[in-house]
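To start, the structure itself, in structure tokens.
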Amino acid sequence: MNLYTSLIAQCAHKKSLTTLKAVHTHILKSGSLFSDFGHKLIDGYIKCGIIAEARKLFDELPNRHIVTWNSMISSHVSRGKTKEAIELYNNMLFEGVLPDAYTFSAIFKAFAEVGVLSHGQKAHALALVLGFEVSDGFVATAIVDMYAKFDRMRDARLVFDRVLDKDVVLCTALIVGYNQHGFDGEALEVFEEMVDRRIKPNEYTLASVLVSCGNLGDLINGKSIHGLVVKSGLESVVASQTSLLTMYSKCSKVEDSIKVFNQLAYASHVTWTSFIVGLVQNGREEVAVSVFREMIRCSIIPNHFTLSSILHACSSLAMLEVGEQIHAVTMKLGVDGNKYADAALIHLYGKCGTVEKARSVFDSLNELDLVSINSMIYAYAQNGFGHEALQLFERMKNLGLAPNAVTFISILLACNNAGLVEEGCQIFSFIRDNHNVELTRDHFTCMIDLLGRARRFEEAAMLIEEVKNPDAILWRTLLNACKIHGEVEMAEKFMRKMLDHAPEDGGTHILLTNIYASAGKWDSVIEMKSAIRDLRLKKSPAMSWVDIDREVHTFMAGDLSHPRAHEILKMLHELVEKVKNLGYNPDTKFVLQDLEEEKKISSLYYHSEKLAIAFALWKTCGRNTTIRIFKNLRVCGDCHSWIKFVSLLTGRDIVARDAKRFHHFKGGICSCKDYW
DNA sequence: TTAGGGTTAG
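Structure representation (structure tokens):
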């Protein structure tokens, strides 16, 4: 008997299944009593990872011991077979075997995973009656963790407070619960409490509190916990490092995050991803792309977290070609089908002005959800496809999906960019009557733009009055509408009102200067310019860029410093002469300087978007690809008209993304139908 | 012979 016991123990220790099976057969042949060795064999099979065989023996075993029940239950839980674990637990109670601390520490995880709170609460009551809740740290931790997973932080806290001997794992479970539900302040409080009680935090604790510091932007605590990581000798623990660099990037200390990453001896795929995410969130998209390439070179496989982040980096910089390469990687890795990655792809194609590609990703989705539909509506909105956006909005409602604040911003933007005034007003009143969605400043900005551009200035101004603490952006939106319609007096009236709220807003001053300039009121322009000087405001220079063969070329208005300036100017003059024959007439009201007419015309020619297009046409001569240019400000009316003629003249499709939206020029027509 | 907590995304 002792020989079998020790043999089984050896097999379990070495995880040697073949020997275990041989011992098992030997026991059966020897005629020894199964009840004497059953428990040992079951333990052996569990340790060798063969749960099915353990279960078979368990079902045949008479007089099952509590330890064997516990082993069966916990082995099922740890392998994710939660339903079977709960079934075993219920059988155990049915047979009159009372659970102990080991049983409870395993079973609460199963209830949390299956998602039936009431069953978990019933087991909690039993643990309470049997006296395990306050006396056993393992049980208490499992209950705290379960309540946290059910989003019942108050219950978790009540249990935590009742426990007599709190240890590091129990405290960490509560901290994690708080941090995962957005209660970062509470997480830090528990951390301070444990430090006061002289409970030593470990790598699990530190990883979590660092995330909370990051979420709170609390660099002071973050840095002192960094010190603790070093002091505790946890610098080489990957999760602590991941949380550290996340903390720094969330506190906008991207350089520190880079420093942490560069000092790592090893980085897991999670660490690489966190690093990339931090870079993207801090506007370091280009660095993020090169880090992503480095990650691939190091044979670290990206997952849907990584891919959706890097796709967002491509969206921000409108890097279509790189984005397409990452789309291919996504497909190769089978990550397409993940809702976050798919939404990021739709977003990318929308941001790059390739709506048909966004739609093709959208059409390939097996299941539509709020995020994918929002992404598609936004793609339509930016590109001026108002009716398509509205159709999708209807489809969303028919599917029974409730629109959220993001949906409404996108749909209002869609109405705005397509000039669908009545539709926009209807949707805005719908949001007002629908108490599930709160109206934000963004919704108001969109409506003010829509109304202003439809010359409904008074209605727009009334909307601004409705907003608590209106910001300068709202007024600037209205002033921009005045500019489009040449309403100088109206603009002055709004400017006076606006100055009460945001007297030092540079954007508004510049806008009013431009309104005076386009109306030819040069005296007022001079006055405004001196006010702007007094405020020490700087106007951001107009800039356009174009990506050709993976190289980005940037152009500023009037700047002829490009190494190919000679070719660009030659092409530009040729284009201007040819489009004039087609009917292009330079419109000098877009020149915001007091110059002679002839000088005004030549200053129009050197607008940054014209330089970028001339360069792109020269560089891609003989190809028939779409030209994509990007501009930091809004495209000017004269350039808009010029590009239409150029698209007609050359037969090339031109897509321009300005600060607000896309313009697709084809055969002399723009997708915005001259409304922007 | 049996047990607990962590890091990344829209």
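So for the first sequence, this note's numbering puts the first residue at 989; every next one is plus one. For every residue, glycine included, the Cβ atom is placed at its ideal position computed from N, Cα and C.
| Asked | Found |
| --- | --- |
| Alpha carbon to alpha carbon, how far is residue 1324 from residue 1318? | 6 angstroms |
| What are the boundary residues of the alpha helix (DSSP H) that residue 1046 is part of? | 1039-1048 |
| Check each candidate in 1287, 1433, 1487, 1438 and name the one with the smallest Cα separation from residue 1462. | 1433 |
| Cβ atoms of residue 1234 and residue 1262: under 7 angstroms apart, would you say? | yes |
| Apply the 10 Å Cβ neighbour rule to residue 1519 and answer buried if 16 or more other Cβ atoms are within range, or exposed otherwise. | exposed |
| Pull up the DSSP beta-bridge partners for residue 1532, would you. | 1543, 1619 |
| Measuring CB atoms only, is the region 1561-1576 touching the region 1454-1474, in the sense that at least three cross pairs come out at less than 8 angstroms? | no |
| So residue 1144 and residue 1116 are in contact, right, with Cβ under 8 angstroms, and what is the actual spacing, rounded? | So it is not a contact: roughly 15 angstroms between Cβ atoms. |
| According to DSSP, residue 1643 sits in a beta bridge with which residue or residues? | 1616, 1652 |
| So, helix, strand or coil for residue 1662, using DSSP? | coil |
| Whole angstroms are fine: how far does the CA of residue 1453 sit from the CA of residue 1404? | 20 angstroms |
| With 16 as the cutoff for other CB atoms within 10 Å, does residue 1414 come out buried or exposed? | exposed |
| Where does residue 1172 sit, in a helix, a strand or coil, going by DSSP? | helix |
| Report yes or no: do three or more beta-carbon pairs, one from the region 1225-1242 and one from the region 1251-1259, lie closer than 8 angstroms? | yes |
| Out of curiosity, what's the CA-to-CA distance linking residue 1652 and residue 1406? | 13 angstroms |
| Considering only residues of the same chain and omitting the five flanking positions on each side of residue 1056, which have a CB-CB separation below 6 angstroms? | 1027, 1030 |
| CA-CA distance, residue 1659 and residue 1581? | 30 angstroms |
| Taking just the CA atoms, how far does residue 1249 sit from residue 1300? | 21 angstroms |
| Once you ignore the five residues that flank residue 1625 on each side, which residues in its own chain have a CB closer than 7 angstroms to its CB? | 1575, 1578 |
| Quick check on the DSSP output: the alpha helix (DSSP H) that includes residue 1445 runs from which residue to which? | 1445-1454 |
| May I ask you to list the residues that DSSP assigns as paired with residue 1326? | 1324 |
| Taking only the alpha-carbon atoms, compute the straight-line gap between residue 1097 and residue 1174 and give it to the nearest angstrom. | 23 angstroms |
| Considering just the uninterrupted stretch of the alpha helix (DSSP H) at residue 1024, what are its terminal residues? | 1022-1035 |
| DSSP on residue 1289, reduced to helix/strand/coil? | coil |
| Let me make sure I understand the geometry here. Which of 1408, 1393, 1439 has the alpha-carbon closest to that of residue 1423? | 1393 |
| Between residue 1602 and residue 1561, what straight-line distance do the alpha-carbon atoms span, to the nearest angstrom? | 9 angstroms |
| Three-state secondary structure (DSSP) at residue 1187? | coil |
| Please work out which residues of its chain come closer than 7 angstroms, Cβ to Cβ, to residue 1127, disregarding the five sequence neighbours upstream and downstream, and give them in chain order. | 1089, 1092, 1093, 1115, 1120, 1121 |
| Buried or exposed: where does residue 1583 fall if 16 or more other Cβ atoms within 10 Å of its Cβ makes it buried? | exposed |
| Where residue 1347 and residue 1360 are concerned, what is the direct C-alpha to C-alpha distance, given to the nearest angstrom? | 11 angstroms |
| Let's test the definition: count the other Cβ atoms within 10 Å of the Cβ of residue 1073 and tell me whether it reaches 16, buried, or not, exposed. | buried |
| Give the range of the alpha helix (DSSP H) segment to which residue 1205 is assigned. | First-last for residue 1205: undefined, no H or E at that position. |
| Can you say whether residue 1387 is buried or exposed, counting buried as having 16 or more other CB atoms within 10 angstroms of its CB? | exposed |
| Could you pull the DSSP bridge partners for residue 1657 from this structure? | 1654 |
| With a cut-off of 8 angstroms on the beta carbons, I'd call residue 1648 and residue 1622 a contact; round off their distance for me. | 6 angstroms |
| Three or more beta-carbon pairs under 8 angstroms between the region 1370-1378 and the region 1629-1639, yes or no? | no |
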